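Enquirer: Quick note, the sequence shown lines up with residues -26 to -1, 1 to 477 if you use mature numbering (1 follows the signal peptide of the UniProt record, and there is no 0).
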Amino acid sequence: MTRQRFRLLAATMLAGLTLGTSIAEAAGILTIGRREDSTTFDPIASAQNVDNWVYSNVFDVLVRVDKTGTKLEPGIAESWTVSDDGLTYTFKLRDAKFSDGSPVTAEDAAFSLLRIRDAETSLWSSSYTIVDTAVATDPKTLTVTLKEPSVPFLASLALPNVSVLPKAAIEADAEGFASAPIGSGAFAVKEWIRGDRVILEKNPNYWEADKVSLDGVEWISVPDDNTRMLNVQAGELDAAIFVPFSRVATLKEDKNLKVTLDPSTREDALLINHEKGKLGDKAVRQALDMAIDKQAIVDAVTFGIGEVANSYVPKGALYYNAANPSRPYDPAKAKEMLAAAGASDLTLDYNVKAGDEVDEQIAVLLQQQLQQAGVTVTINKVDPSSQWDMFVAGDFDVSVGYWTNDVLDPDQKTTFVLGHDTNLNYMTRYKNDDVKALVAEARTEADPVKREAMYVKLQETAKEDVNWIDLYYSPYINVTRSNIDGFYQNPLGRFWLEDVVKN
């Protein structure tokens, strides 16, 4: 349905254009094909890349991660200081405006920070309970006090979900804001056609508007991987993300295209619902881990582009434990362990995103591998836009999910997947009170040597408990037409669309 709507729209608009001129060229618009549609424009109510990657160009944060994805740099806050006791942060805001022309104030920043901490709809509240007070001491000065020192606090302010939002607009109509937001980023939301596309236009009030070359951006939902690639090859899209591993070599041969493999913090893992029957038994989860041949998945599905993952912390990220233990592939031993745990007849419902070539290939491989250990797997293809709701509802036994770091510090992902936060540990329902306590302790440990040891312990415990099953790490793989320059993702996934040039 989405593809039919897109093609009908394209055909209608092309009829009114000069022959040989694309829609994007005529309008100065960058068109990007992606799988899922956005879910909301209220940043505190989403934890999905499909939203966050758009937020980064619609909203702005106090502190940014730079283009290399390795250090912090000023955002809305042009400077900041930290008290000697590590409890008070003072931010000086630059002169900036929202897309409606209203000024960005310290009151807006304070409101946004307290809202992500306190709102019932916030999926990120656990990461900001460290905040005691946030006060606008003058229109351009924000003073934040913490309940206790927090090493990752500054890095956490670069999260797209804690972007500075207009207090007045949200207080007037929070529900309406989620569909038609006002931000201070490089682009403003012109229209959101649900199930089809998000249409962005250049924000003339952006504080770096003079650096933005594009007139606008359209994020177009094309769920089927093959169709999305064909659309780029045919010139119906300027760019597409989530290029299947199987298409990389062929697309690279097309002189009209550019294929980029950008370093990433992405990890794909098999999520396990610990509240579903025997999956709550650690021995059962360990057996499932042992029954899966991760290298075979890397070889067959990623064509060698990926790399077997051994930890929930991505390779190359802060405190990654290269020596984290991994279970050997041993389906016979796994079968014995399942029998000993009273789960020799284990059956699993496996949710797979329909149209996602890689997800579907992994599902078939895992179904075959687990069968050797006596496990029956039923594959259920689901609408990609519905998968997150099914995670939240617990309507799955196992399903592949992926994560890319949003901030530089490991606390964010650790809190999200191990710290018993509001997301039910990335919807796995994993529970370990000792782990929860260590997550909180690591957040406040100032000694980097001691802190690293804590994260090494967390990685080892997560592997022992099998909070989920680590599968593989991989780069971001995107494709553009050859006339597009500067289409890039930093390792945390942010698209620097304000730097894109269309020749």
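The beta-carbon is built from N, C-alpha and C at its ideal position, and this holds for glycine as well.
Please read all numbers here as calculations on a predicted model, not as lab measurements.
Which whole-angstrom value is the C-beta distance of Val275 and Val351, which I expect to be below 8 Å?
Expert: Here residue 275 corresponds to residue number 301 of the sequence shown, with the count starting at 1. Here residue 351 corresponds to residue number 377 of the sequence shown, with the count starting at 1. About 16 Å separates the two Cβ atoms, so there is no contact after all.
Enquirer: Closer than 8 Å by C-beta to Val233: which residues in its own chain qualify, once you throw out the five before and the five after it? Chain order, please.
Expert: Here residue 233 corresponds to residue number 259 of the sequence shown, with the count starting at 1. Here the set comprises Val217, Val222, Leu225, Lys226, Ile451, Asn452 and Val453.
Enquirer: Would you grab the beta carbon distance between Ile18 and Leu97 for me? Rounded to a whole angstrom, and I think it's under 8 Å.
Expert: Along the sequence shown, one-based indexing puts residue 18 at 44. Along the sequence shown, one-based indexing puts residue 97 at 123. Going by Cβ atoms, the distance from Ile18 to Leu97 rounds to 7 Å, so yes, they are a contact pair.
Enquirer: Within 10 angstroms of the Cβ of Thr44, are there 16 or more other Cβ atoms? Answer buried if so, exposed if not.
Expert: Looking up residue 44 in the sequence shown gives position 70. When all chains shown are included, Thr44 counts as exposed.
Enquirer: Indicate the three-state DSSP secondary structure (helix, strand or coil) for Thr119 in the structure shown.
Expert: Start at 1 with the first residue of the sequence shown, and residue 119 comes out as number 145. In the structure shown, Thr119 sits in a strand (DSSP, three-state: E or B).
Enquirer: Using 8 Å as the cut-off, can you tell me whether the segment 252 to 263 makes contact with the segment 303 to 312, which would need three or more C-beta pairs spanning the two stretches below that distance?
Expert: Yes, the segment 252 to 263 touches the segment 303 to 312.
Enquirer: Please list, in chain order, all residues of the same chain as Ala213 whose beta carbon is under 8 Å from its beta carbon, the five residues on each side excluded.
Expert: Locating residue 213 in the sequence shown gives position 239, counting from the first residue. So the list reads Leu4, Thr5, Ile6, Gly7, Val206, Asn452, Val453, Thr454, Arg455, Ile458 and Phe461, once near-sequence residues are dropped.
Enquirer: Taking DSSP as the reference, what is the three-state secondary structure of Asp34?
Expert: Translated into the one-based positions of the sequence shown, residue 34 becomes position 60. Of the three classes helix, strand and coil, the one that applies to Asp34 here is coil, per DSSP.
Enquirer: Whose C-beta lies closer than 8 Å to the C-beta of Asn354 among residues of the same chain, with five residues either side of it excluded?
Expert: One-based indexing of the sequence shown puts residue 354 at position 380. Asp323, Tyr324, Asn325 and Val326.
Enquirer: Check whether the Cβ atoms of Trp193 and Val172 sit closer than 8 Å, and answer yes or no.
Expert: The sequence position of residue 193 within the sequence shown is 219, counting from 1. The sequence position of residue 172 within the sequence shown is 198, counting from 1. Their beta carbons are under 8 Å apart, which means Trp193 touches Val172 by this criterion.
Enquirer: I'd like the list of long-range same chain contacts for Met203, defined as Cβ closer than 6 Å, with 5 residues on each side in sequence excluded.
Expert: Stepping through the sequence shown from its first residue, residue 203 is reached at position 229. Answer for Met203: Arg221, listed in chain order.
Enquirer: What does the Cβ neighbour count give for Gly467, buried or exposed, with the cut at 16 atoms within 10 Å?
Expert: As a first step, residue 467 is located in the sequence shown; it is residue number 493 there, counting from the start. Result: buried.
Enquirer: On the premise that Tyr400 lies in contact with Val391, defined as a C-beta separation below 8 Å, what is that separation, rounded to the nearest angstrom?
Expert: Taking the first residue of the sequence shown as 1, we reach residue 391 at position 417. Taking the first residue of the sequence shown as 1, we reach residue 400 at position 426. Indeed, because the Cβ distance is near 5 Å, the residues count as touching under 8 Å.
Enquirer: Please report the distance separating the alpha-carbon of Ser101 from that of Thr389.
Expert: Counting from one through the sequence shown, the residue named residue 101 turns up at place 127. Counting from one through the sequence shown, the residue named residue 389 turns up at place 415. So the two alpha carbons sit approximately 7 Å from each other.
Enquirer: Going by the CB atoms, is the gap between Glu210 and Tyr446 shorter than 8 Å?
Expert: Sequence index remark: in the sequence shown, residue 446 carries index 472 (1-based). Sequence index remark: in the sequence shown, residue 210 carries index 236 (1-based). The answer is no: Cβ separation not under 8 Å.
Enquirer: Just the C-alpha distance for Trp166 and Ser153, rounded to the nearest angstrom, thanks.
Expert: Position 192 of the sequence shown, counting from 1, holds the residue named residue 166. Position 179 of the sequence shown, counting from 1, holds the residue named residue 153. Roughly 7 Å separates the two Cα atoms.
Enquirer: Decide yes or no for the touch test of the segment 141 to 151 against the segment 52 to 71: beta carbon pairs closer than 8 Å, at least 3 of them.
Expert: The segment 141 to 151 is not in contact with the segment 52 to 71.
Enquirer: Short of 7 Å in beta carbon distance, which residues of its chain neighbour Asn230, apart from the five on each side in sequence? Order them along the chain.
Expert: Stepping through the sequence shown from its first residue, residue 230 is reached at position 256. Cβ within range, chain order: Arg455 and Ser456.
Enquirer: Using a Cβ distance threshold of 8 Å, determine whether the segment 134 to 145 contacts the segment 69 to 89, with at least three qualifying pairs required.
Expert: Segments in contact, yes.
Enquirer: Relative to the alpha-carbon of Trp442, which residue among Ser373, Asp395 and Ser130 has its alpha-carbon at the smallest distance?
Expert: Your numbering for residue 442 matches position 468 in the sequence shown. Considering only alpha carbons, the answer is Ser373.
Enquirer: Could you tell me how far apart the beta carbons of Glu426 and Tyr293 are, in whole angstroms, since I believe they sit closer than 8 Å?
Expert: Numbered from 1 along the sequence shown, position 452 holds the residue referred to as residue 426. Numbered from 1 along the sequence shown, position 319 holds the residue referred to as residue 293. At roughly 5 Å, the Cβ-Cβ gap stays under 8 Å, so Glu426 and Tyr293 are in contact.
Enquirer: Opposite Lys355 in the DSSP bridges: which residues?
Expert: In the sequence shown, the residue the question calls residue 355 occupies position 381. The partner list for Lys355 (beta bridge, DSSP) reads Val326.
Enquirer: Going by CA-CA distance only, name the one from Gln361, Val423 and Pro384 that's closest to Gly375.
Expert: For the purposes of this step, residue 375 is identified with residue 401 of the sequence shown, where counting begins at 1. Per the Cα distances, Gln361.
Enquirer: Thinking just about the alpha-carbon of each residue, which of Ile50, Gly290, Gln335 and Asn247 is nearest to the one in Pro384?
Expert: Position 410 of the sequence shown holds residue 384. Considering only alpha carbons, the answer is Gly290.
Enquirer: Using the Cα positions of Pro113 and Tyr63, report the straight-line distance between them to the nearest angstrom.
Expert: Position 139 of the sequence shown, counted from the first residue, corresponds to residue 113. Position 89 of the sequence shown, counted from the first residue, corresponds to residue 63. Those two C-alpha atoms are separated by around 16 Å.
Enquirer: Please go through the same chain and pick out, in chain order, the residues whose beta-carbon is closer than 7 Å to the beta-carbon of Asp106, but skip the five residues on each side of it.
Expert: Numbered from 1 along the sequence shown, position 132 holds the residue referred to as residue 106. Result list for Asp106: Thr119, Leu120 and Lys121, in chain order.
Enquirer: Give the straight-line distance between the Cα atoms of Ala317 and Lys437, rounded to the nearest whole angstrom.
Expert: By 1-based counting over the sequence shown, the position of residue 317 is 343. By 1-based counting over the sequence shown, the position of residue 437 is 463. Cα to Cα, Ala317 sits roughly 21 Å from Lys437.
Enquirer: If I measure Cβ to Cβ from Ser(-5) and keep anything under 7 Å in the same chain, skipping five residues before and after, which residues do I get?
Expert: Taking the sequence shown and counting its residues from 1, the one referred to as residue -5 is at position 22. Here the model assigns Ser(-5) a pLDDT of 43, short of 50, so the residue's position is not dependable, and the following value carries that caveat. Closer than 7 Å at the Cβ level, and outside the excluded window around Ser(-5), lie Gly209.
Enquirer: Under three-state DSSP, which class holds Pro305?
Expert: Along the sequence shown, one-based indexing puts residue 305 at 331. DSSP places Pro305 in helix when its eight states are reduced to three.
Enquirer: Which same chain residues, not among the five before or five after Val186, have their C-beta less than 7 Å away from its C-beta?
Expert: For this step, residue 186 is matched to residue 212 along the sequence shown. Cβ within range, chain order: Ala160, Lys176, Tyr180 and Glu472.
Enquirer: So within the segment 407 to 463, which uninterrupted beta strand (DSSP E) runs reach at least 3 residues, ignoring any that extend past its ends?
Expert: Correct list: 442 to 455.
Enquirer: For Thr402, which residues of its own chain have a beta-carbon under 7 Å away from its beta-carbon, when the five flanking residues on both sides are left out?
Expert: Working through the sequence shown from its first residue, we reach residue 402 at position 428. Here the set comprises Leu245, Ile246, Asn247, His248, Asn441 and Trp442.
Enquirer: Measure from the alpha carbon of Phe370 to the alpha carbon of each residue in Val356, Trp377 and Leu382, then state which is nearest.
Expert: Against the sequence shown, residue 370 aligns to sequence position 396. That would be Val356, whose Cα lies nearest to the Cα of Phe370.
Enquirer: Quick one: what's got a C-beta closer than 6 Å to Arg(-20)'s C-beta in the same chain, skipping five residues either side?
Expert: By 1-based counting over the sequence shown, the position of residue -20 is 7. For Arg(-20), the predicted model reports a pLDDT of 37, less than 50, meaning its position is unreliable; a value from the coordinates is still stated below. Nothing meets the Cβ criterion.
Enquirer: On a CA-only basis, which of Val28, Pro155, Glu47 and Ile279 is nearest Ala129? Give me that one, please.
Expert: Translated into positions along the sequence shown, residue 129 becomes position 155. Out of Val28, Pro155, Glu47 and Ile279, Glu47 has the C-alpha closest to the C-alpha of Ala129.
Enquirer: Hey, would you say Ser30 sits closer than 8 Å to Ser238, going by beta carbons?
Expert: Locating residue 30 in the sequence shown gives position 56, counting from the first residue. Locating residue 238 in the sequence shown gives position 264, counting from the first residue. Contact: no.
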